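Chains as they are written, first to last, in our numbering: chain W, 1369 to 1563; chain B, 1369 to 1563.
For glycine and all other residues, C-beta sits at the position ideal for the given N, C-alpha and C.
Please read all numbers here as calculations on a predicted model, not as lab measurements.
Encoded as structure tokens, the structure appears first; notes follow it.
2 protein chains.
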Amino acid sequence: MTKSKSRKDVLFEEAAKLFVEKGYAATSVRGIAERVGIEPSSIYSHIKSKEVLLVKICMDAAHYFVDGMEDILKKQLPVFDTIEMLVDLHIDAIVEAPTTVTVFTDEWKHLPSEVLNEFLTLRNGYELKWRAILQQGIDGGKIRKVDTQLMAHTLLSTMRWVQTWVNDEKVKRTEEIKSMLKTFIRKGLEELDNG
Amino acid sequence: MTKSKSRKDVLFEEAAKLFVEKGYAATSVRGIAERVGIEPSSIYSHIKSKEVLLVKICMDAAHYFVDGMEDILKKQLPVFDTIEMLVDLHIDAIVEAPTTVTVFTDEWKHLPSEVLNEFLTLRNGYELKWRAILQQGIDGGKIRKVDTQLMAHTLLSTMRWVQTWVNDEKVKRTEEIKSMLKTFIRKGLEELDNG
DNA sequence: CCTACCGATCGGTAGG
DNA sequence: CCTACCGATCGGTAGG
């Protein structure tokens, strides 16, 4: 294990950056090679195909979110603490690996069909767990009665803009963004009859 | 003016659908022609280039949002009424023209650079007006003190998921979605000291 | 990791 | 709106 980035690491990083800038389909293997500083065909010494780049980026991100949620759920915390930790998980991912997360959310539709099924299964499982958390909060009287499917979509969507913010403006008011989102979400969800 | 769709209308509709399904870059002129039912080169009897399809779709949508907001602001309503009408405007657009709105939000980065500047200016103006509305609410004591830039991004983002919902599931629980979003946003924003 | 190369597909034009 | 066609670029391979 060396500390410096291997050429393969650089390859994946530059690919992710280009996928964000131009989209997967409009990114050419030649373009990636140019960024890495090698000849186009040399790409194939590291990977089998262009698709492999997209698959790894998307699946790594998907597992990051699914595993991260798993760890948080194990703690068995009160609903709003769970939700706040999920917000932290999400925003930290965006700040630490903005290109990876953006490719994950914006380019997954270009995944080859075999992998696409697996991807959508992971994504659906993640959404179902969000819904279960909301339902638990509703049952416990902490969250007002809402349609958990609509609300899960809304909450996930609510955090999405942070991607473009970090990418475009390089401003990292991370803690401010986190607390602002947490307050907005808590106030939007909570049952006022409760303390 | 005929009531039936002209071939050019069908061309733009099928193009928009394909841009949503595969993205602009991965959509070929040949693919569009096949959907319309003509030969690839016949496309060029109606338009000058593939880019024109994207430009019209994106700019029409941008003007729809900008003009719609203009009409709402003219009414000079209380802040939360203004915000609720903007939610209606946004959700109605998604329900009535889901493909157009999705191309507008997801594919604008492929606009040719001359048009891109104009597009971003419109988009920025729209965002600035959202911020002005929020500031007005804060000044009037109706909205709690928030960073208007962060909050404007959040609100716009919050409505985004509805696009994929309408596209993928063909379920149109429009009124339910609208009122759910309005409540979530109002509760997330409002200053509780007020009535 | 490079040189040399290939078949496929792309957006678009000429001319009718 | 079609037939016929073009130069450019694509992802990827062979062989070293």
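*Where does Glu1543 of chain B land, buried or exposed, given buried means 16+ other C-beta within 10 angstroms?*
Position 175 of the second sequence, counted from the first residue, corresponds to residue 1543 of chain B. When all chains shown are included, Glu1543 of chain B counts as exposed.
_Let me confirm a value: Leu1379 of chain W is counted as buried when at least 16 other C-beta atoms fall within 10 Å, else exposed. Which label applies?_
Taking the first sequence and counting its residues from 1, one reaches residue 1379 of chain W at position 11. Buried, because 16 or more other Cβ atoms sit within 10 Å of the Cβ of Leu1379 of chain W.
*Which residues in the same chain have their Cβ closer than 6 Å to the Cβ of Ala1520 of chain B, if we skip the five residues on either side of it in sequence?*
As a working note, residue 1520 of chain B is residue 152 in the second sequence. Excluding sequence neighbours, Ala1520 of chain B sits near Glu1495, Trp1498, Arg1499.
*CA-CA distance, Thr1516 of chain B and Ile1545 of chain W?*
Along the second sequence, one-based indexing puts residue 1516 of chain B at 148. Along the first sequence, one-based indexing puts residue 1545 of chain W at 177. Near 12 Å, if we compare the C-alpha coordinates of Ile1545 of chain W and Thr1516 of chain B.
*asked:* For a contact defined as C-beta to C-beta under 7 Å, what are the partners of Lys1526 of chain B on chain W?
replied: If you number the second sequence from 1, residue 1526 of chain B lands on position 158. Correcting the residue identity first, residue 1526 of chain B is Thr in this sequence and not Lys. Contact annotation for Thr1526 of chain B against chain W: Thr1522, Ser1525, Thr1526 [CB-CB distance below 7 Å, chain order].
*Which chain W residues are close to His1478 of chain B, counting only those with a beta carbon under 9 Å from its beta carbon?*
Here residue 1478 of chain B refers to the residue found at position 110 when the second sequence is read from its first residue. Within 9 Å Cβ-Cβ: Lys1390, Gly1391, Ala1394.
*With DSSP collapsed to three states, give me the class of Glu1475 of chain B.*
Reading the second sequence from its first residue, position 107 is the one you call residue 1475 of chain B. Glu1475 of chain B: coil per DSSP, three-state reduction.
*Chain-ordered chain B contacts of Asp1515 of chain W [CB-CB under 8 Å]*: Reading the first sequence from its first residue, position 147 is the one you call residue 1515 of chain W. Correct list: Glu1544, Met1548.
_Nearest-angstrom Cα separation, counted from Gly1391 of chain B out to Pro1446 of chain B_ = Residue 1446 of chain B sits at position 78 when you count from the first residue of the second sequence. Residue 1391 of chain B sits at position 23 when you count from the first residue of the second sequence. Taking the straight line joining both Cα atoms gives about 40 Å.
*Using a Cβ-Cβ distance under 8 Å, would Phe1552 of chain W count as near chain B?*
As a first step, residue 1552 of chain W must be located in the first sequence, where it is residue number 184. Among the residues facing chain B, Phe1552 of chain W is included, as its CB has a counterpart in that chain under 8 Å away.
*Taking the DSSP output, what are the residues bridged to Glu1558 of chain W?*
Position 190 of the first sequence holds residue 1558 of chain W. Its beta-bridge partners are W:Ile1511.
_For the alpha helix (DSSP H) containing Met1517 of chain B, name the first residue and the last one._
Counting from 1 along the second sequence, the entry for residue 1517 of chain B is found at position 149. Reading the sequence as shown, one finds Gln at residue 1517 of chain B and not Met. Per DSSP, Gln1517 of chain B belongs to the alpha helix (DSSP H) from 1516 to 1526.
*Mind pulling the chain W residues with CB within less than 7 Å of Leu1518 of chain B?*
Looking up residue 1518 of chain B in the second sequence gives position 150. Those are Ile1545, Met1548, listed as they occur along chain W.
*Verify the contact flag: Leu1457 of chain W, CB atom, against every heavy atom of the ligand SAM, threshold strictly below 7 Å.*
As presented, the structure is devoid of all ligands, the ligand SAM included, so that no description of it is given.
*Is there a Cβ from chain B that is less than 8 Å from the Cβ of Trp1498 of chain W?*
Position 130 of the first sequence, counted from the first residue, corresponds to residue 1498 of chain W. Judged by the 8 Å Cβ criterion, Trp1498 of chain W is not in contact with chain B.
_On the CB-based measure, 16 or more other CB atoms within 10 Å of its CB, does Gly1405 of chain B come out buried or exposed?_
As a working note, residue 1405 of chain B is residue 37 in the second sequence. Its Cβ having fewer than 16 others within 10 Å, Gly1405 of chain B is exposed.
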